[in-house]
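The listed protein sequences derive, respectively, from chains A and B. Mapping to numbering that gives the first Met the number 0: the first sequence position 120 is 119, numbers consecutive. Mapping to numbering that gives the first Met the number 0: the second sequence position 33 is 32, numbers consecutive.
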Amino acid sequence: MKTPMESRLLHTVRIALLILIAAIVVLPFFWTIMLSFKSNEEILLNPATLPVSLEWSNYRKAFETLPLARMYYNTFVNIIVSETLTLLLIYPSSYALAKIPFRRDRLRRFIYTFLLLGLMIPAYILVFPDYQVNIVLRLMNTRMALLLPIVATNISFDTLLLVGAMRAIPNEVEESAIIDGSGMVKLCLHISAPMIVPTLVTVTVFNVLHIWNEYMFSSLYLTDQALVTLPLGMSYFQGRYSMDYAGMIAATVLIIVPQLFFYTVFQKKIISGLTAGAVKG
Amino acid sequence: MHVFSKNKYLITMLAPVLILYCVFIIIPVFVSVYFSMLDYNGITDGKWVGLANYNILLSKDFVFALAVKNNMIVVALLLLFQLPLSFLVALLLKTSFSGNAVIKAMVFSPQVLGSITVGLIWIYILDPYKGILNSLLEQLSLGGFKQQWIGGTKLTPVSISIISIWQGFGFYATIFLAGMTAIPESLYEAASIDGATRSQTTRYLTLPLLKDTFTIVVMLIITNSFKIFEVLQQLTDGGPAYRSEMLVHYMYVMTFTNSRYGYGMSIAMVTFLISAVFSLIYLLRMDRDNAMGGAKR
Numbered sequence: 000m001k002t003p004m005e006s007r008l009l010h011t012v013r014i015a016l017l018i019l020i021a022a023i024v025v026l027p028f029f030w031t032i033m034l035s036f037k038s039n040e041e042i043l044l045n046p047a048t049l050p051v052s053l054e055w056s057n058y059r060k061a062f063e064t065l066p067l068a069r070m071y072y073n074t075f076v077n078i079i080v081s082e083t084l085t086l087l088l089i090y091p092s093s094y095a096l097a098k099i100p101f102r103r104d105r106l107r108r109f110i111y112t113f114l115l116l117g118l119m120i121p122a123y124i125l126v127f128p129d130y131q132v133n134i135v136l137r138l139m140n141t142r143m144a145l146l147l148p149i150v151a152t153n154i155s156f157d158t159l160l161l162v163g164a165m166r167a168i169p170n171e172v173e174e175s176a177i178i179d180g181s182g183m184v185k186l187c188l189h190i191s192a193p194m195i196v197p198t199l200v201t202v203t204v205f206n207v208l209h210i211w212n213e214y215m216f217s218s219l220y221l222t223d224q225a226l227v228t229l230p231l232g233m234s235y236f237q238g239r240y241s242m243d244y245a246g247m248i249a250a251t252v253l254i255i256v257p258q259l260f261f262y263t264v265f266q267k268k269i270i271s272g273l274t275a276g277a278v279k280g
Numbered sequence: 000m001h002v003f004s005k006n007k008y009l010i011t012m013l014a015p016v017l018i019l020y021c022v023f024i025i026i027p028v029f030v031s032v033y034f035s036m037l038d039y040n041g042i043t044d045g046k047w048v049g050l051a052n053y054n055i056l057l058s059k060d061f062v063f064a065l066a067v068k069n070n071m072i073v074v075a076l077l078l079l080f081q082l083p084l085s086f087l088v089a090l091l092l093k094t095s096f097s098g099n100a101v102i103k104a105m106v107f108s109p110q111v112l113g114s115i116t117v118g119l120i121w122i123y124i125l126d127p128y129k130g131i132l133n134s135l136l137e138q139l140s141l142g143g144f145k146q147q148w149i150g151g152t153k154l155t156p157v158s159i160s161i162i163s164i165w166q167g168f169g170f171y172a173t174i175f176l177a178g179m180t181a182i183p184e185s186l187y188e189a190a191s192i193d194g195a196t197r198s199q200t201t202r203y204l205t206l207p208l209l210k211d212t213f214t215i216v217v218m219l220i221i222t223n224s225f226k227i228f229e230v231l232q233q234l235t236d237g238g239p240a241y242r243s244e245m246l247v248h249y250m251y252v253m254t255f256t257n258s259r260y261g262y263g264m265s266i267a268m269v270t271f272l273i274s275a276v277f278s279l280i281y282l283l284r285m286d287r288d289n290a291m292g293g294a295k296r
């Protein structure tokens with residue numbers, strides 16, 4: 000048996016180890032922030048030391064290096080539009096699959112399974128055919144060229160989570176609402192939605208992060224400069240050493256800090272949402 | 000609820016999703032398969048070539064072989080280092096102490112950023128000339144250890160693996176942790192009454208009960224490593240001279256830069272098959288082990 004002394008020592012060692020690991024994980028963020036305050040010369044000569052003076056002008060240069068305002072605007076609009084569309088479409092379909100009795104139950108089960116197939120299909124299989132679909136539908140270089148495929152890729156995961164949550168609502172609740180004269184819209188919005196808020200938040204967080212970080216589809220479907228998103232803007236740096244390095248680093252900070260802030264606020268939901276997505280997906 | 004069982008309700012609620020899903024997800028899979036059997040450059044009409052693309056890919060294309068090799072290096076390194084690291088961190092995170100949640104959030108944080116951002120952050124560190132790492136080695140008088148971390152002929156897959164480990168281990172640790180929390184506390188109490196040490200408990204209790212979680216994590220590591228694209232695009236764009244090429248990036252370049260659409264799709268198909276076969280082998284092995292375990296009992 001271990002003495003209490005030994006087990007307390009062990010406890011301390013474990014915590015110290017964890018703190019060390021966590022520190023290593025966040026170190027690259029701090030390095031980036033530190034670099035963003037150095038002049039181009041200092042970055043070249045002494046990148047690893049603390050900055051000698053704070054070069055705030057890098058943040059002015061950041062706005063000259065990348066069209067940050069437009070990138071943020073577009074990403075924000077994409078998030079709002081795609082998430083509205085996603086919920087508008089997938090909420091009713093999940094509700095039908097979870098709650099409405101089909102004349103033939105086999106059809107219901109078939110549609111449900113069919114909608115989950117997408118979980119196995121990686122984006123790299125879809126990128127070219129969806130490009131063709133966009134051409135056929137004359138969507139290229141409109142926001143919808145990105146948003147429709149993105150909403151479509153949300154279907155499988157969202158259906159899985161929403162149907163699961165809706166099934167857990169007791170039927171009696173809805174039946175009494177129907178007797179009171181509720182229509183379908185009222186049933187969805189006022190009766191069932193408030194009962195599955197945690198799942199709605201999880202699904203939304205998942206979808207929002209997906210489109211916030213999406214690059215492969217956007218790089219092909221949104222070549223119009225006016226539609227540039229955050230990930231697209233950040234890919235401009237590749238192979239372009241002519242770009243102002245310090246300005247680029249400052250721009251990176253202006254992109255990662257808000258996202259890490261968003262993460263801090265919704266941390267619990269994001270961690271549980273992404274984990275649930277992996278385990279169920 | 001039978002009031003709403005009429006077809007008009009069901010169709011209005013389901014049709015939009017089903018149409019969108021078929022147009023952008025299901026039909027495209029078949030389009031991909033079809034195109035992978037065409038010689039098509041977007042200008043002249045596509046010519047049906049059967050399995051010729053696959054034949055060239057598997058027998059003559061040395062870049063494809065390089066990409067497969069680089070992908071295998073990454074899968075191997077991730078399974079060797081990321082998997083045990085995630086499990087260990089999950090074990091550590093099981094200790095209760097104030098600040099536990101903060102540490103967990105920190106370790107998980109890289110998973111939230113997009114891979115394009117992650118690639119950029121790591122350029123600032125790994126770039127052989129402007130990056131922090133080489134300059135730090137210089138300052139510590141370890142100049143001999145300076146490397147062409149990216150853009151050289153050898154190390155890019157290793158750097159990609161390091162970045163992937165950094166980006167994902169907190170995420171996988173959280174999955175392990177979720178699995179561990181599902182193990183009833185009473186089992187641990189019983190083990191400690193029986194005088195089991197901590198390492199015995201881990202080996203004979205936690206590990207066997209986490210078999211399903213291990214399966215999930217291993218499959219995720221494998222499939223995710225075959226999806227690596229953005230980080231490579233940021234670090235080297237596959238260069239120099241295709242040396243650091245990986246499968247999805249090679250597909251992207253062939254399809255959209257070189258306009259060899261049919262060939263590109265055959266790369267996508269083979270990539271998907273390789274990653275599926277890997278997962279399947281692992282699943283079958285786990286199944287067999289389970290069956291044997293059952294027989295022994």
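Glycine is no exception: its CB is placed at the ideal position from the N, C-alpha and C atoms.
On a Cα-Cα basis, can you pick out the residue from the options that is closest to residue i?
i        : options                                   : result
Phe75/A  : Lys268/A, Leu229/A and Thr251/A           : Leu229/A
Val16/B  : Ala95/A, Val12/A and Leu53/A              : Ala95/A
Val269/B : Asn54/B, Leu19/B and Lys103/B             : Asn54/B
Val73/B  : Ser243/B, Met253/B and Leu279/B           : Ser243/B
Cys187/A : Ala97/A, Ser234/A, Val264/A and Leu146/A  : Ala97/A
Ile221/B : Asn70/B, Ser265/B and Ser58/B             : Asn70/B
Val216/B : Leu125/B, Lys145/B and Ile164/B           : Ile164/B
Trp211/A : Tyr235/A, Ile79/A and Arg137/A            : Ile79/A
Thr27/A  : Gly238/B, Met105/B, Lys7/B and Lys153/B   : First, the amino acid is wrong: residue 27/A is Pro here, not Thr. The option with the nearest alpha carbon to Pro27/A is Met105/B.
Tyr111/A : Leu159/A, Gly182/A and Val135/A           : Leu159/A
Leu299/A : Leu13/B, Leu56/B and Ala172/B             : Limits of chain A in this structure are 0 at one end and 280 at the other, which puts residue 299/A out of reach.
Leu118/A : Ile154/A, Pro50/A, Asp129/A and Pro91/A   : Ile154/A
Leu88/A  : Pro197/A, Gly163/A, Ile168/A and Val150/A : Val150/A
Ile20/A  : Arg202/B, Leu234/B, Gln166/B and Ile149/B : Gln166/B
Leu147/A : Lys185/A, Thr201/A, Met165/A and Tyr220/A : Tyr220/A
Phe168/B : Tyr262/B, Ser58/B and Ser108/B            : Ser108/B
Tyr72/A  : Tyr244/A, Val184/A and Val227/A           : Val227/A
Leu86/A  : Val132/A, Glu63/A and Asp157/A            : Asp157/A
Glu213/A : Ser31/B, Ser114/B and Phe144/B            : Ser114/B
Thr210/B : Ile227/B, Lys153/B, Leu282/B and Ser274/B : Going by the sequence as given, residue 210/B is Lys instead of Thr. Of the listed residues, the one whose Cα sits closest to Lys210/B is Leu282/B.
Tell me the DSSP bridge mates of residue i?
i       : result
Trp47/B : Leu37/B
Please classify residue i as buried or exposed, where buried requires at least 16 neighbouring CB atoms within 10 angstroms.
i        : result
Ile23/A  : exposed
Ala294/B : Legend: pLDDT at Ala294/B = 43, less than 50; position of this residue unreliable, value from coordinates given subsequently. It counts as exposed.
Thr11/B  : exposed
Arg294/A : Here chain A has residues from 0 to 280 only, and residue 294/A is not among them.
Ser6/A   : exposed
Ile192/B : exposed
Arg296/B : Since pLDDT at Arg296/B reaches only 35, below the 50 mark, its modelled position is unreliable, and the value read off the structure follows with that caveat. Flag for Arg296/B reads exposed.
Thr180/B : exposed
Val303/A : Given that chain A is displayed from residue 0 to residue 280, the structure contains no residue 303/A and the question cannot be resolved.
Arg259/B : buried
Ile230/B : The amino acid at residue 230/B is misidentified as Ile; the sequence shows Val. Counting Cβ neighbours within 10 Å, Val230/B comes out buried, since at least 16 surround it.
Met70/A  : buried
Pro169/A : exposed
Leu273/A : buried
His248/B : buried
Leu82/A  : In the sequence under discussion, the amino acid at residue 82/A is Glu, which differs from the Leu named in the question. When all chains shown are included, Glu82/A counts as buried.
Thr173/B : buried
Hey, does residue i have any beta-carbon neighbour from chain E nearer than 9 Å?
i        : result
Trp165/B : Absent from the structure: chain E. Protein chains present are A and B.
- Starting from the N-terminal side, write out each stretch of the alpha helix (DSSP H) that is 4 residues or longer and does not extend beyond the segment 230-272 of chain B. Within the segment 230-272 of chain B, the alpha helix (DSSP H) runs of at least 4 residues that lie entirely inside it are, in chain order, 246-251.
- Taking a Cβ distance cut-off of 8 Å, strictly less, list which residues of the segment 111-126 of chain B are near chain A, in chain order. Within the segment 111-126 of chain B, the residues whose Cβ lies closer than 8 Å to any Cβ of chain A are, in chain order, Val111, Leu112, Gly113, Ser114, Ile115, Thr116, Leu119, Ile120, Trp121, Ile122, Tyr123 and Ile124.
- Segments assigned alpha helix (DSSP H), at least 4 residues, entirely inside the segment 104-157 of chain A: 104-115 and 122-135
- Could you name the residues of the segment 77-106 of chain A whose beta carbon sits closer than 8 Å to any beta carbon of chain B, in the order they occur along the chain? Leu88, Ile89, Pro91, Ser92, Tyr94, Ala95, Leu96, Lys98, Ile99, Pro100, Phe101 and Arg102
- Run through the segment 82-123 of chain B for me and flag every whole beta strand (DSSP E) of 3 or more residues, listed as ranges in chain order. none
- Task: Would you mind listing the alpha helix (DSSP H) stretches within the segment 125-191 of chain B that are 4+ residues and don't spill past its ends, in chain order?
- Result: 131-138 and 155-180
- Query: Quick one, which residues of the segment 165-182 of chain B are near chain A if we go by CB-CB under 9 Å, in chain order?
  - Reply: Trp165, Phe168, Gly169, Phe170, Tyr171, Thr173, Ile174, Leu176, Ala177 and Gly178
- At a Cβ cut of 7 Å, what residues of the segment 124-151 of chain A count as close to chain B, listed as they run along the chain? Ile124, Leu125, Phe127, Pro128, Asp129, Gln131, Val132, Leu147, Pro148, Val150 and Ala151
- Contact set between the segment 131-152 of chain B and chain A, restricted to residues whose Cβ is under 7 Å from the partner: Ile131, Ser134, Leu135 and Gln138
- Query: Quick one, which residues of the segment 213-242 of chain B are near chain A if we go by CB-CB under 7 Å, in chain order?
  - Reply: Going along the segment 213-242 of chain B in chain order, one finds Ile215, Leu219, Lys226, Phe228, Glu229, Gln232, Gln233 and Asp236 with a Cβ nearer than 7 Å to chain A.
- Query: Can you list, in chain order, the residues of the segment 8-28 of chain B whose Cβ is nearer than 8 Å to any Cβ on chain A?
  - Reply: Tyr8, Leu9, Thr11, Met12, Leu13, Pro15, Val16, Leu17, Leu19, Tyr20, Val22, Phe23, Ile24, Ile25, Ile26, Pro27 and Val28
- Within 7 Å of chain B by C-beta, residues of the segment 21-36 of chain A in sequence order: Ala21, Val24, Val25, Pro27, Trp30, Thr31 and Leu34
- Message: Output needed in chain order: residues of the segment 203-221 of chain A with a Cβ under 8 Å from some Cβ in chain B.
- Response: Leu208, Trp211, Asn212, Glu213, Tyr214, Met215 and Leu219
- Contacting positions in the segment 252-266 of chain B - beta carbon closer than 7 Å to chain A: Under the 7 Å Cβ criterion, the segment 252-266 of chain B contributes Thr254, Phe255, Tyr260, Gly263 and Met264.
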